[in-house]
């Protein structure tokens, strides 16, 4: 059994966010962090590793400095990293990204008892699409919004957290799970793992390594090939101060109802 | 000459900064107020390999170097000097056992102090033997297969939480420092007891106590090193320990500087943030300068130790400089906070109280000057 985790570097939202003229994020000028939901996915895999002793492999697509993030994950206990990096892949949207990640996972070798863990969504795009799209491309059963996992033999019993309740789902491996923050508390790096993090195996997949994979369509990858294009990125103006109506009489409630109706809120 | 930290040291700093922000900072004021030993934090630090960081891997430690230890203590002390102190004092027990212990002693005690999560302590100081360790009154007499210890030790950091102690006692009083021997003592040995818990000006979370030996039976095989070599073991251990205290003092100064920067940027007086006044800027510049200098001295001493080169003078210089800078920085930072700094609504008064001890323990500032000048060929 192998456990795969897909991870992404995202802008550190506690710092400055800048946008390039083409509307995409200027990632090079921003501090980055590991996408928070992805850390829950990593922790889920590491907990399963602690219980079963299997191998955890983290996959990321990004510029070469993304290796630093993979080393941090190795310092938490991840065993191997796969860095997918090529200019041809730059600017990919979710459709393109999921092709590339799926091809990378398939190239590495996906077996019957393997599990792929993804974060629910990344805090930069907030689409929640890449995990499910990888599952579709690899023809894997998928469960999204996973808040609890229990492994019994080759099946997993997982709890999907929904807005109005939860759903318990039984799924066979190989499968893909997208993880939410309620699933666990990610561990810290630890000194022992830090000291061997840079000795753990790191595989780099460049364009040539993946371009002939059947899942890769050269026409639909990278910024140019991505079906979605960013028209404009901007920082929305701060919301103005709210308006407070005071009074408990009929005319105040009528006024309130009138304002809400004018905004088509009621 | 490369002033960059290695990739591994950078990761250790990042991990410790995250840990300190999430686990230490939120309880630092409460720890100071209640005087409670932060036991849960220590359990986590054992799990992360911070306690036991320098112990070789084959004995359950992380096998990291002295610089890694300094970085951990520095980061913890930015928010809670008590936590940094406990970690620094722990090393004074684990390190001499790793350095001078027999294979049997290392196999028995180092796993207890690492994977066994048992706290360690170092017991040298006595009521009448502070800087002058040769005047120790605690005696150890060999009787058959064991030593009998009588006497007491004071100001023992981790005193009432530690389970393993490195204790110094006179095996031959007539020989002065050459009559001192070191022992590994467990808190369960017959005749061992914990005396008075000290109430201190600062470091309220760090458990300080008197340790009493009344016909305390210590197995003969628990002699650490040879008879009469205890003073050398103590001095060498304190050389390394001074790097830890330098790192602790550096962390306190850095923490106070960060608080001062944040406060002076938000405090408006005379129509602008007080950080815009030259007096504030010059004060903060001096603090920054001292932190940078202290960091270079501390890391230099740590790297020399890791390389197996002499570092006695460098450790003394780092400890002296950082502790005096911590005191200056916290005092000046409190002044910048004005009346608010004097209240416990802000951490500055705690940092100032915590800083003072760094000029005293593990060798006073005066003793550091003795050590430095003794290494100048005068």
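Residue numbers (the working numbering), protein chains in the order written: chain A, 19 to 284; chain B, 366 to 743.
Don't be surprised by glycine CBs; every beta carbon is placed ideally from N, CA and C.
Remember, it's a predicted structure, so these values are computed and weren't measured experimentally.
Cross-chain neighbours of residue i in chain B, by beta carbon under 9 Å
i, result
"residue 215 of chain A", "372, 373, 376"
Residue i classed as buried or exposed, judged by whether at least 16 other C-beta atoms fall within 10 angstroms
i, result
"residue 628 of chain B", "buried"
"residue 555 of chain B", "exposed"
"residue 635 of chain B", "exposed"
"residue 120 of chain A", "buried"
"residue 257 of chain A", "exposed"
"residue 434 of chain B", "buried"
"residue 157 of chain A", "exposed"
"residue 117 of chain A", "buried"
"residue 680 of chain B", "buried"
"residue 150 of chain A", "buried"
"residue 613 of chain B", "buried"
"residue 181 of chain A", "exposed"
"residue 197 of chain A", "buried"
"residue 279 of chain A", "exposed"
"residue 249 of chain A", "exposed"
Listed by chain order, chain A residues near residue i by CB distance under 9 Å
i, result
"residue 595 of chain B", "Simply none; closest approach about 30 Å."
"residue 418 of chain B", "209"
"residue 383 of chain B", "206, 207"
"residue 666 of chain B", "What residue 666 of chain B touches in chain A: nothing, since even the nearest Cβ is about 20 Å away."
"residue 449 of chain B", "Within chain A, no residue comes near residue 449 of chain B; the closest Cβ sits about 16 Å away, beyond 9 Å."
"residue 433 of chain B", "209, 212, 213"
"residue 429 of chain B", "209, 210, 212, 213"
Rounded straight-line distance, which links the Cα of residue j to that of residue i
i, j, result
"residue 138 of chain A", "residue 235 of chain A", "25 Å"
"residue 480 of chain B", "residue 459 of chain B", "12 Å"
"residue 204 of chain A", "residue 496 of chain B", "46 Å"
"residue 733 of chain B", "residue 742 of chain B", "16 Å"
"residue 543 of chain B", "residue 503 of chain B", "14 Å"
"residue 563 of chain B", "residue 727 of chain B", "17 Å"
"residue 535 of chain B", "residue 587 of chain B", "15 Å"
"residue 49 of chain A", "residue 725 of chain B", "41 Å"
"residue 656 of chain B", "residue 618 of chain B", "7 Å"
"residue 568 of chain B", "residue 719 of chain B", "5 Å"
"residue 264 of chain A", "residue 276 of chain A", "15 Å"
"residue 446 of chain B", "residue 616 of chain B", "8 Å"
"residue 284 of chain A", "residue 272 of chain A", "13 Å"
"residue 623 of chain B", "residue 642 of chain B", "17 Å"
"residue 570 of chain B", "residue 426 of chain B", "25 Å"
"residue 30 of chain A", "residue 56 of chain A", "14 Å"
"residue 113 of chain A", "residue 148 of chain A", "7 Å"
"residue 651 of chain B", "residue 394 of chain B", "27 Å"
"residue 475 of chain B", "residue 576 of chain B", "22 Å"
"residue 173 of chain A", "residue 191 of chain A", "6 Å"
"residue 713 of chain B", "residue 698 of chain B", "7 Å"
"residue 717 of chain B", "residue 696 of chain B", "6 Å"
"residue 179 of chain A", "residue 167 of chain A", "12 Å"
"residue 400 of chain B", "residue 195 of chain A", "45 Å"
"residue 464 of chain B", "residue 60 of chain A", "38 Å"
"residue 199 of chain A", "residue 498 of chain B", "55 Å"
"residue 370 of chain B", "residue 611 of chain B", "18 Å"
"residue 268 of chain A", "residue 262 of chain A", "16 Å"
Proximal chain A residues relative to residue i, where beta-carbon distance stays under 7 Å
i, result
"residue 720 of chain B", "Chain A residues near residue 720 of chain B: none, gap ~27 Å exceeds 7 Å."
"residue 516 of chain B", "Chain A residues near residue 516 of chain B: none, gap ~37 Å exceeds 7 Å."
Chain B residues whose Cβ lies nearer than 7 Å to that of residue i
i, result
"residue 61 of chain A", "Going along chain B, no residue has its Cβ under 7 Å from residue 61 of chain A, so there is no contact; the nearest lies around 14 Å."
Contact set between residue i and chain B, taken where Cβ atoms lie within less than 8 Å
i, result
"residue 93 of chain A", "376, 380"
"residue 90 of chain A", "376, 379"
Residue i CB to nearest heavy atom of the ligand PLP below 6 Å
i, result
"residue 558 of chain B", "In terms of ligand content, the structure shown is empty, and the ligand PLP therefore cannot be addressed."
*Spell out a yes or no on whether the stretch 378–393 of chain B and the stretch 402–418 of chain B are touching, meaning 3 or more CB-CB pairs, one atom from each, closer than 8 Å.*
yes
*asked:* If contact is defined by three or more beta carbon pairs under 8 Å, each pair taking one atom from either stretch, is the stretch 210–226 of chain A in contact with the stretch 185–200 of chain A?
replied: no
*Which residues, in order along the stretch 395–426 of chain B, keep a beta-carbon less than 8 Å from a beta-carbon of chain A?*
412, 413, 414, 415, 418, 422
*Any contact of the stretch 662–680 of chain B with the stretch 595–608 of chain B, i.e. 3+ C-beta pairs under 8 Å?*
yes
*Could you tell me whether the stretch 583–597 of chain B touches the stretch 653–669 of chain B, where touching means 3 or more Cβ pairs closer than 8 Å?*
no
*Is the number of C-beta pairs between the stretch 510–519 of chain B and the stretch 485–495 of chain B that are closer than 8 Å three or more?*
yes
*Inspect the CB distances between the stretch 689–698 of chain B and the stretch 413–426 of chain B and report whether three or more fall short of 8 Å.*
no
_Does the structure place the stretch 97–105 of chain A close enough to the stretch 79–87 of chain A that three or more beta carbon pairs sit under 8 Å?_
yes
*Any chance the stretch 206–217 of chain A sits against the stretch 63–77 of chain A, with 3 or more Cβ pairs inside 8 Å?*
no
*Do the stretch 224–242 of chain A and the stretch 436–446 of chain B meet, that is, are 3 or more Cβ pairs less than 8 Å apart?*
no
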